[in-house]
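My numbering numbers the first residue of the sequence shown as 18 and each following residue consecutively. Where is the CB? At the ideal position from N, CA and C, for every residue including glycine. To keep things clear, I will list the structure first and then write my remarks on it.
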Amino acid sequence: MSNFRVLATCQDASGAPISVTWYGNACNLNDAVQRMAHEAQNNGWSVGAVICVQQRKSTKSVEVCHV
18 MSNFRVLATC
28 QDASGAPISV
38 TWYGNACNLN
48 DAVQRMAHEA
58 QNNGWSVGAV
68 ICVQQRKSTK
78 SVEVCHV
């Protein structure tokens, strides 16, 4: 899994434009866009255009204690 940020333009039910930034985990770029679109539709918005998709690998931090 990777962390993604998807920037998109959407429209609300009245047709007003909304700038949307979606953050979440997904398997690949297409999955991230689909998850963003699904969440937008659940909010009653229609997706206009995907502007940018950014990916960052998930990492687990490990703390080291020196005695």
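For residue i, the residue or residues it bridges with in DSSP
i   : result
G41 : F21
S36 : T26
Residue i vs residue j beta-carbon contact at 9 Å
i   : j   : result
S36 : L24 : yes
M86 : G61 : Beyond the ends of the chain as shown, which are 18 and 84, falls residue 86; an answer cannot be given.
Close beta carbons around residue i, own chain, < 7 Å, minus the five adjacent residues each side
i   : result
V50 : V23, V67, V70
C44 : M18
Sequence-distant residues of its chain with Cβ nearer than 6 Å to residue i (five each side left out)
i   : result
A57 : C27, V64
Q72 : S19, F21
Of the residues the options, the one placed nearest residue i, counting alpha carbons only
i   : options       : result
N59 : A30, F21, N20 : A30
Neighbourhood of residue i by C-beta distance below 8 Å, restricted to the same chain and skipping five residues each side
i   : result
K74 : S19, N20
P34 : T26, C27, Q28, G65
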